Amino acid sequence: MNTFSLVKHRVGGMAGPTLALTTVLLTACAFSPVAPTGAQDVRSKLTELQNNPDMANNAAEELRVAEEAVIVAEEAVGRGDTELGEHRVYMADNLVEIAEAKARTRLAEADRTRIEEEQESSRLAAAQERENESVQTDLLASSVTDSDLQQEIEALNAEVTDRGLELADVLFAFGSSELSESGSQNLDRLVTFLNGHPELYVLLEGHTDNVGDAEFNQGLSQRRAESVQQYLTDHGIRESMLVVSGFGLERPVGNNRTVSGREQNRRVEVIIED
Amino acid sequence: MNHLNTTVIRHRLSLLGLLMLIALLAACASTPMAPADSLDAARNAIASAEQAGASQHAAPELEEAKARMVMAEEAVEDENMANADRLAQQSRIAAELAMAKTETAMAEEFNRGLGGTDMQQQGDQ
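Going down the list, the protein sequences come from chains D and Y. The first sequence begins at -11 in our numbering and counts up one residue at a time. The second sequence begins at 108 in our numbering and counts up one residue at a time.
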């Protein structure tokens, strides 16, 4: 508007066509749009970042600022003002690159947090593993103890039954309550075992075959059990650990009609209880 | 009374005239103002970037910022203040980019260090 009034004043009374021509020329000079060089490149760089979720999510604010600058850079400037256009493109380009750098920094920081968390959790896992290992070692130790016990029981020639730990029967000759050599050997192992387990009780139950009357056999079974008891106490086992009883001919385990059956019945059962 | 009033008005008028004269003289005599804010902002941005280690991690961007700063100062000497202002802004934004790239480089480098430690730890196990 100012331009127009100036022109009018200066031109004064001159002819209309001249005025019109001057106006057109001036207008052309002032407003002829020139697309700033480079603006398009900046725009496509910005679009690329905006389409990359890693960038868009990590530098939303910076990208918004950059976009504003790009919009300004895209504005047409007058022919005489290419420097302004270049300036705007330069600013926009740098803002886009700053947005990219910020996004990459934040990505790296997120990575770092993730790496640190992973390291922390792997440290925790390692600590957990060490703990598990030590628990396993404990279990192993106890199972070692168990297997020791297992070996001891095997050495005793004993069997775990519902009554407790049953030794192989100590067998006796017909009519005798004297320990045989093999019976003594079994009892030696029992002594060793009981020395290691003073908390246990041992039932010594004497039996006989069915030869002879019941009363005799009752006495014989009792003497057989006492014979075992004597042997054990002679070898340092406390009497209080031993429970002696005689059952006579009442509880045969073998067939009394056969020699081997009667042999099996002439016995002392040794049952270890806890 | 009347005399007094007239004196006051005269004083005020002469004061107003003096102020107008000063304003006119100032406008005529002074060269255009240098874009101090833009120049300061650029100098600060360059200093911050250098402090952050930009000469090591974003040397081209830092050099760019410094070059624009030199150009801005030359424009000030030439009394082309509009150009000086733009160049100062360009210097600042280039320094800010140098700063941003330095931060990126350092963060990524740190992670590589972490990764190395991680690998070593795994190797030990």
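Ideal Cβ placement from N, Cα and C applies to all residues, glycine included. No experiment lies behind these values; they were computed from the predicted model shown.
Start-to-end residues for the beta strand (DSSP E) that takes in residue i
i              : result
residue 146(D) : 146 to 149
residue 225(D) : No beta strand (DSSP E) contains residue 225(D), which DSSP labels as neither H nor E.
residue 234(D) : 230 to 234
residue 194(D) : 189 to 194
For residue j and residue i, the rounded distance between their alpha carbons
i              : j              : result
residue 72(D)  : residue 99(D)  : 40 Å
residue 227(Y) : residue 177(Y) : Annotation note: pLDDT 39 at residue 227(Y) (below 50); position unreliable, no value reported.
residue -4(D)  : residue 153(Y) : Caution applies to residue -4(D), whose pLDDT of 46 falls short of 50 and renders its modelled position unreliable; the model cannot decide the point.
residue 220(Y) : residue 50(D)  : 28 Å
residue 249(D) : residue 242(D) : 4 Å
residue 167(Y) : residue 204(Y) : 10 Å
residue 221(D) : residue 142(D) : 23 Å
residue 152(D) : residue 171(D) : 20 Å
residue 187(D) : residue 137(D) : 14 Å
residue 217(Y) : residue 139(Y) : 48 Å
residue 120(D) : residue 108(D) : 18 Å
residue 84(D)  : residue 169(Y) : 17 Å
residue 171(Y) : residue 156(Y) : 12 Å
residue -2(D)  : residue 184(Y) : Unreliable positioning characterises residue -2(D) in this predicted model, as indicated by a pLDDT of 49, which lies under 50. A coordinate reading is not provided.
residue 251(D) : residue 155(D) : 17 Å
residue 44(D)  : residue 127(Y) : 56 Å
residue 224(Y) : residue 207(Y) : Here residue 224(Y) scores only 47 on pLDDT, less than 50, and its place in the model should not be relied on; the value that follows carries that caveat. When rounded, the distance between both Cα atoms is 26 Å.
residue 206(D) : residue 259(D) : 19 Å
residue 229(D) : residue 176(D) : 16 Å
residue 113(D) : residue 102(D) : 16 Å
Distance between beta carbons of residue j and residue i, contact taken as under 8 Å
i              : j              : result
residue 179(Y) : residue 146(Y) : 6 Å
residue 77(D)  : residue 24(D)  : 5 Å
residue 56(D)  : residue 34(D)  : With 8 Å as the limit, residue 56(D) and residue 34(D) do not qualify as a contact, their Cβ atoms being about 11 Å apart.
residue 193(D) : residue 161(D) : Actually they do not touch by this definition, with Cβ atoms about 18 Å apart.
residue 96(D)  : residue 47(D)  : Contact doesn't hold; Cβ gap of about 13 Å is too wide.
residue 189(D) : residue 261(D) : 5 Å
residue 157(D) : residue 255(D) : 4 Å
residue 144(D) : residue 178(D) : 6 Å
residue 233(D) : residue 166(D) : Going by Cβ atoms, the distance from residue 233(D) to residue 166(D) rounds to 19 Å, so no, they are not a contact pair.
Amino acids of chain Y, ordered along the chain, whose beta-carbon sits closer than 8 Å to that of residue i
i              : result
residue 79(D)  : 196, 197, 200
residue 89(D)  : 204, 207, 208, 210, 211
residue 137(D) : Neighbours of residue 137(D) on chain Y: none; closest Cβ ~37 Å, over 8 Å.
residue 83(D)  : 200
residue 75(D)  : 193, 196, 197
Which residues DSSP lists as bridging residue i, in chain order
i              : result
residue 260(D) : 153(D), 190(D)
residue 84(D)  : For residue 84(D), which the question treats as bridged, DSSP gives no partner whatsoever.
residue 255(D) : 159(D)
Cross-chain neighbours of residue i in chain D, by beta carbon under 9 Å
i              : result
residue 214(Y) : 92, 93, 94, 95, 96, 97, 99, 100
Proximal chain Y residues relative to residue i, where beta-carbon distance stays under 9 Å
i             : result
residue 86(D) : 200, 203, 204, 206, 207, 208
Cutoff 9 Å: residue i Cβ touching any chain A Cβ
i              : result
residue 150(Y) : The chain labelled as chain A is not found among the protein chains of the depicted structure, namely D and Y.
The alpha helix (DSSP H) enclosing residue i, as first and last residue numbers
i              : result
residue 184(D) : 169 to 184
residue 176(Y) : 166 to 184
residue 35(D)  : 27 to 39
residue 151(Y) : 143 to 159
Under 8 Å from the C-beta of residue i: neighbouring residues of chain D
i              : result
residue 119(Y) : The premise fails here: residue 119(Y) is roughly 34 Å from chain D at the closest Cβ pair, so nothing lies under 8 Å.
Neighbouring residues, chain Y, relative to residue i (Cβ below 7 Å)
i              : result
residue 185(D) : Simply none; closest approach about 43 Å.
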